[in-house]
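See below for the structure under consideration.
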């Protein structure tokens, strides 16, 4: 049953939204996860405005961390987002949660799901933005799964 808090979200299915770049935009990540690394999960649903970066930022950041990440992990299938100064990030318990943005239209605006929380290195660490699965990239697959 839909309520003011529970309702369907729009997907970037049109060709113009699929091609749109969200670099330098500030969508919201929403979740019940931890509010800090090593902390407890939240009792309230949180939302946080974060900046989307070019994927080269994640490629460079994760290479500098010298962890088991490969360059091809940061292709068009992901969005790189967070705060390079640290302090703003999704965290444990947020995985699978939405990264949403407002899209303006003649009749107002709608929320669109542009990403899904995937992974990161810690939570809110400087120079370690979060990685989000891009719904734009997987739209053909999503539509195919829904229709079949």
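Residue numbers (full-length UniProt numbering): 1 to 148.
For each residue, glycine too, the CB sits at the ideal point set by N, CA and C.
In whole angstroms, what separates the C-alpha of residue 34 from that of residue 86?
-> 15 Å
C-alpha distance - residue 108 paired with residue 102, whole-angstrom precision | 10 Å
Start and end of the alpha helix (DSSP H) containing residue 192?
-> With the chain running from 1 to 148 in the structure shown, residue 192 is simply not present.
Minimum C-alpha distance to residue 74 - residue among 1, 48 and 118 = 118
Residue 136 burial status per 10 Å Cβ neighbour count (16 or more: buried) = buried
Please state whether DSSP places residue 19 in a helix, a strand or coil.
-> helix
Can you tell me which of the three DSSP states residue 78 falls into?
-> strand
Let me know the secondary structure DSSP gives residue 30 once reduced to three states.
-> strand
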